[in-house]
Amino acid sequence: MILSDIAVRRPVFTSMTMAAMIVFGWVSLTRLGVDLFPRVDFPVVTIVTYLPGADPETVESRVTDPIEEAVNTISAIKHLRSTSADSYSMVTIEFELEKNIDVAFQEVQARIGSIRAELPEDAEDPVVEKLDVDAQPILTVLVSGDRSPRELTRVADRGVKERLQRVKDVGSVKLVGSRDRKIWLWIDPFKLTSHALTVQDVCHALRRAHVEIPGGRMESGPVELSVKTKAEFASAEELNQLIVARREAGPVRLRDLGFAEDGLEELRSYAQLDAQPCIALLVRRQSGTNTVQVARDVKAEVQRLAEELKPEGIRVEIGQDMSTYILRSVNEVKFHLLEGGGMAIVIVLLFLLNFRSTFISSLVLPTSVIATFMMMAALGFTVNMMTLLGLTLAIGLLIDDAIVVQENIMRHIEMGQPAREAALFATGEIGLAVFATTMSVVAVFIPVSYTEGIVGRFFRPFALTVAFAVLVSMFVSFTLDPMLSSRILRRPKKRYVFRVLESLFGALERLYERLLRFSLRARLLVVLAAIGIFAFTGSLTKFLRFEFVPMEDASEFNVMVRAPLGASLERTRGIMERLREVIREVPEVKYTLCTIGSDEMKKVNEGKIYVRLTEKHERKRGQKDVMEDVRARVDGFPDARVSVQMVPHVSGGGMKWAEVQFELRGQDLNVLNDTAQKMLERMRKAAEFESAEEAAKNGRSGKPALIAGYVDLDTTFETGKPEIDVVVNRERAAELGVSAQAIGETVRAAIGGVDVAKFRAEGDRYDIAVRFLERYRDRPSVLDPLLVPAADGIPKELRSFAQVVRTEIPVEINRYNRQRQVTVLANLHGRKVLGDATRELEEYVREIGLPRGYTYGWGGFGEEMQRAMPNLLFTMILATIVVYMVLASQFDSFLQPFVILLSLPLAFTGALVALLATQLTVNIFTMIAFIFLLGLVTKNSILLLDYTNTLRERDGLARDEALSRAGPVRLRPILMTTCAMIAGMLPVALGAGEGAETRQPMAVAIIGGLVSSTLLTLLVIPAIYSLLDQAKDGAIGRFGRRTR
-6 MILSDIAVRR PVFTSMTMAA MIVFGWVSLT RLGVDLFPRV DFPVVTIVTY LPGADPETVE
54 SRVTDPIEEA VNTISAIKHL RSTSADSYSM VTIEFELEKN IDVAFQEVQA RIGSIRAELP
114 EDAEDPVVEK LDVDAQPILT VLVSGDRSPR ELTRVADRGV KERLQRVKDV GSVKLVGSRD
174 RKIWLWIDPF KLTSHALTVQ DVCHALRRAH VEIPGGRMES GPVELSVKTK AEFASAEELN
234 QLIVARREAG PVRLRDLGFA EDGLEELRSY AQLDAQPCIA LLVRRQSGTN TVQVARDVKA
294 EVQRLAEELK PEGIRVEIGQ DMSTYILRSV NEVKFHLLEG GGMAIVIVLL FLLNFRSTFI
354 SSLVLPTSVI ATFMMMAALG FTVNMMTLLG LTLAIGLLID DAIVVQENIM RHIEMGQPAR
414 EAALFATGEI GLAVFATTMS VVAVFIPVSY TEGIVGRFFR PFALTVAFAV LVSMFVSFTL
474 DPMLSSRILR RPKKRYVFRV LESLFGALER LYERLLRFSL RARLLVVLAA IGIFAFTGSL
534 TKFLRFEFVP MEDASEFNVM VRAPLGASLE RTRGIMERLR EVIREVPEVK YTLCTIGSDE
594 MKKVNEGKIY VRLTEKHERK RGQKDVMEDV RARVDGFPDA RVSVQMVPHV SGGGMKWAEV
654 QFELRGQDLN VLNDTAQKML ERMRKAAEFE SAEEAAKNGR SGKPALIAGY VDLDTTFETG
714 KPEIDVVVNR ERAAELGVSA QAIGETVRAA IGGVDVAKFR AEGDRYDIAV RFLERYRDRP
774 SVLDPLLVPA ADGIPKELRS FAQVVRTEIP VEINRYNRQR QVTVLANLHG RKVLGDATRE
834 LEEYVREIGL PRGYTYGWGG FGEEMQRAMP NLLFTMILAT IVVYMVLASQ FDSFLQPFVI
894 LLSLPLAFTG ALVALLATQL TVNIFTMIAF IFLLGLVTKN SILLLDYTNT LRERDGLARD
954 EALSRAGPVR LRPILMTTCA MIAGMLPVAL GAGEGAETRQ PMAVAIIGGL VSSTLLTLLV
1014 IPAIYSLLDQ AKDGAIGRFG RRTR
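Using the working numbering, you'd call the opening residue of the sequence shown number -6 and step up by one each time.
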């Protein structure tokens, strides 16, 4: 072999090549970012439009629908979703992954620009943005202390926020619970009426009097001077002297109509750490930056701020930190990588029984792993759980080529060959088999890297990392291995322990030879037995449970709270405080963080309680058990809908995050809601409770515990939100000279308040707002005598041309691909998994029946699972075809690759049994494990059949005799490589550490497949080979030349 010849003849060149790979790999590692998962860029564009004062139905018809119609014809749209709420429209366009986000953004902007004139005049300009679906806050910084809300807000906004925004790669910092300074002009409507004034008169007066107007420039000799008219009020006391109008009795000042107050903004958000109110700062990173590095820099700045502000009695601390879980998960996989490598080396030593040979083989591990970092850096990958998991699971693969070569070299040295000759001859003898096994693994992972959809993008770094690492290990095995072997290997002196182990291996080889000869005599029986085992395993698949991804124990979860429609922030806060006290009774809870109004729509009747648990190793119960405990405690909580949810670490999570998102689509919201309620009723009836015997055994009495079912049942449809409508009689208003715009502006200023001007103080500018006093905003009847400006200059009472009506409206209207949509939401409890839910809910909706024109679909993980499983199945079939083509090219045979691939069903037998035995689910990680097995299990068959062909061609042995001799010779390398691979994956399979829930099923499935395929391959594959080769010879005997 050319590589081994060059390596043996030029040892210095070989050593420097390895050193260069290690040096550049190490440098690349220091420059790689750290993240939890590979970054997947979703081409998503959002269009946000505000139409002040409009209800959801008006927003839908006048804003959302025209925008959807305009963008609907853009190419490569995958999903078109929208939300129409009070004064607010948001259209979200998700394009196919192949669509260039910059092109999509420009196309959307152009379409929106072309229809701007069709939107209402009083609608604000639509804001088009690229959406980073991974832009959830990476840190929540909390500011608290014994200060007034105004002082605390000033510190948080002007001090902490500005400092954090200057940290490198911080994208945005949003305040929750802050109350900035604001100047209020509180107006008494009865005093306004007594002076025949409108609230608009107050606004106009303030705009005229509170000014700062540039006057241009003047030159005074050599000096240029700027001119400015300054007439701004300096305090609330001065504002009380504002002249609003002049009457015969004298000027009407603001103090005659109400008063000015130097106060605070209206409270529309709230934050509380345990029982301590605080201000929360939600820190988001810039798109494409590294979570861990940004979080590390922000935390360093927070530490400096905490030390600076501590003497002032202000506390600055971290409330939520995504990077902690990321680092622990990644470090856990790093530890598994080292642990698996060490165990694999021990296995090699037990089989090779030679320290020098083991040392040479073990060098492939650090060399291959470190060199792989060069490829990761070149392709822009990060050090994340997937890339490290690929290296960890591939530990056995990486050392596999080296130990196969090393075992063959040692065998020839023990046969009496000099080390140099043995290194060259043995490497060449085994070279084709090693190359074939390596290329079969690479052939498996290349199709994985091109799998369509999100899963394909997600697993691409995993697949390419494994493929490159395996190629590097093969290169090292063909160069460094023979070079070092030719110089340091000697014929070993058998120590006592090694002699005992050698005798055991000898006995094992003799036992295997007898079993192998029996299987060749009873070929048909062996094959039928294998088919029977596989068929039996196939019957067990009905007991498998399917889901998208397993739930991870991240020591945190959310409790989402929805108070009744129309609930004030104060009422919502009271409900959440009672809930918080209940949650704090759970012993595993470390602290809680309550927030209200932290979402974009700032709904004050919805809140979130972030629950932080003690660390995983400090708890006896897992996160899932604690969540179910909390769920049981808050079940049936009065005055609120409560759901217990995971903190989403995968893109796309939000306020409506739920494990089950079943979407009903059509035009009539009432029909959709009726169907959704029927679905919820069926889901409630699907609950499975423990038997009385099980309850007694578990020490429970009373109501049986739920063991499988749907919890946190809800829908996205909400109606009944109270609203006051001012219904204008257009003819009467026209007669009186009152415009609709004047009516709307007057009502908004009186009830909602309107910002009129800016107030300068302490180096900052604050809003000055006009609004009615609170006691005149507590009932609809206060609107009747409200004066509205008219064309003749004489204000008219609102009741003379309009009627004030109390109604109820939907909270929001959701649409999907231009159809209205209601989503059934639920979380899963106990043994119930997403695969069960998808099957059951589709059965329910078919039983209920949908009217013509109505459809259903899945959102969230349900949608991704339904798209991912067929894609992965196709990838598995494609990988099998590619492996066959690679093997056919290498063996120059159509038949032998087919024999090798027959070991795949034997692997799936073990994988499925292992998953069933450990009660783990089939998910996207185990599907990748099945594909992983395609490359692993063929290695044993290749080693066996390659040496069989060598004996037949080189030594002229008959078929069955060649099989009988090849089996015992290849038994040790086959067992050695299998045990090394299992040892490398064993730390992952044991399921310890952060994030183990996603990694464990993958390793368990692979280990199960390796065990079954190895045990069965050693007997079944020779029998199949013998049968098919005999059939081939018979066919050739009839139609052509018969071969030996």
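The beta carbon of each residue, even a glycine, is placed where N, CA and C say it ideally should be.
Looking at the secondary structure, which residues open and close the beta strand (DSSP E) in which residue i lies?
{"i": "Asn551", "result": "549 to 555"}
{"i": "Gly208", "result": "204 to 213"}
{"i": "Tyr769", "result": "Careful: Tyr769 lies outside any beta strand (DSSP E) and carries neither H nor E."}
{"i": "Val190", "result": "First, the residue type needs correcting, since residue 190 is Leu and not Val in the sequence shown. From DSSP, Leu190 is part of no beta strand (DSSP E); its letter is neither H nor E."}
{"i": "His329", "result": "Segment 315 to 345 is the alpha helix (DSSP H) holding His329; no beta strand (DSSP E) there."}
Output the distance between the C-alpha atoms of residue i and residue j, rounded to the nearest integer angstrom.
{"i": "Leu929", "j": "Leu390", "result": "8 Å"}
{"i": "Val27", "j": "Leu320", "result": "8 Å"}
{"i": "Thr668", "j": "Gly850", "result": "14 Å"}
{"i": "Val463", "j": "Val619", "result": "42 Å"}
{"i": "Arg566", "j": "Val635", "result": "14 Å"}
{"i": "Glu294", "j": "Val459", "result": "38 Å"}
{"i": "Arg151", "j": "Gly1001", "result": "59 Å"}
{"i": "Leu1003", "j": "Asp829", "result": "29 Å"}
{"i": "Val838", "j": "Arg808", "result": "19 Å"}
{"i": "Ser793", "j": "Arg772", "result": "19 Å"}
{"i": "Arg626", "j": "Ala371", "result": "51 Å"}
{"i": "Ala727", "j": "Ile447", "result": "58 Å"}
{"i": "Pro45", "j": "His197", "result": "20 Å"}
{"i": "Val520", "j": "Ala419", "result": "33 Å"}
{"i": "Leu(-4)", "j": "Tyr877", "result": "26 Å"}
{"i": "Asp290", "j": "Gly164", "result": "13 Å"}
{"i": "Arg564", "j": "Arg453", "result": "49 Å"}
So the candidates are the options; which of them puts its Cα closest to the Cα of residue i?
{"i": "Arg404", "options": "Leu386, Asn347, Met878", "result": "Asn347"}
{"i": "Arg555", "options": "Ser548, Glu545, Ile568, Glu549", "result": "Ile568"}
{"i": "Val192", "options": "Glu840, Gly746, Ser141", "result": "Gly746"}
{"i": "Val775", "options": "Leu22, Thr133, Phe183", "result": "Phe183"}
{"i": "Phe344", "options": "Asn401, Leu298, Thr133, Thr1010", "result": "Asn401"}
{"i": "Val1064", "options": "Leu843, Leu699, Leu827", "result": "This structure cannot speak to residue 1064, because the chain is shown only from -6 to 1037."}
{"i": "Ile717", "options": "Gln796, Glu241, Asp748", "result": "Gln796"}
{"i": "Leu729", "options": "Asp249, Gly786, Gly702, Glu681", "result": "Gly786"}
{"i": "Glu801", "options": "Phe468, Asp628, Leu558, Arg297", "result": "Leu558"}
{"i": "Glu506", "options": "Arg768, Glu407, Leu964, Leu909", "result": "Leu964"}
{"i": "Pro1015", "options": "Ala989, Arg573, Ala996, Ala955", "result": "Ala955"}
{"i": "Asn377", "options": "Lys1025, Ala63, Tyr318", "result": "Tyr318"}
{"i": "Glu62", "options": "Phe682, Ile40, Ala633, Thr914", "result": "Ile40"}
{"i": "Trp179", "options": "Arg764, Leu897, Val653, Arg958", "result": "Arg764"}
Which same chain residues end up closer than 7 Å to residue i when comparing Cβ atoms and leaving out the 5 residues on each side of it in sequence?
{"i": "Lys175", "result": "Gly256, Leu257, Glu258, Tyr759, Asp760, Ala762"}
{"i": "Lys671", "result": "Ile841"}
{"i": "Ala523", "result": "Leu899, Leu1009, Val1013"}
{"i": "Thr282", "result": "Asp162"}
Taking the continuous alpha helix (DSSP H) assigned at residue i, which residues delimit it?
{"i": "Asp394", "result": "388 to 407"}
{"i": "Arg450", "result": "446 to 481"}
{"i": "Gln670", "result": "662 to 678"}
{"i": "Arg566", "result": "562 to 576"}
{"i": "Pro49", "result": "49 to 52"}
{"i": "Val519", "result": "516 to 532"}
For residue i, which residues from the same chain have a beta carbon less than 6 Å from its beta carbon, with the 5 sequence-adjacent residues on both sides left out?
{"i": "Leu386", "result": "Met978"}
{"i": "Asp546", "result": "Lys609, Gly615, Gln616"}
{"i": "Ala13", "result": "none"}
Closer than 8 Å by C-beta to residue i: which residues in its own chain qualify, once you throw out the five before and the five after it? Chain order, please.
{"i": "Lys327", "result": "Leu381"}
{"i": "Gly209", "result": "Ser219, Val220"}
Can you find a CB in chain B that lies within less than 7 Å of the CB of residue i?
{"i": "Thr191", "result": "In summary, chain B is missing from the structure at hand, where a single protein chain is found."}
task: Starting from the N-terminal side, write out each stretch of the beta strand (DSSP E) that is 3 residues or longer and does not extend beyond the segment 226 to 303.
output: Look at the segment 226 to 303 and you find these whole runs of beta strand (DSSP E), each 3 residues long or longer: 236 to 240, 243 to 246, 251 to 257, 263 to 266, 269 to 278.
task: Enumerate, from N- to C-terminal direction, the unbroken alpha helix (DSSP H) stretches of 4 or more residues contained entirely within the segment 916 to 984.
output: 917 to 947, 952 to 982
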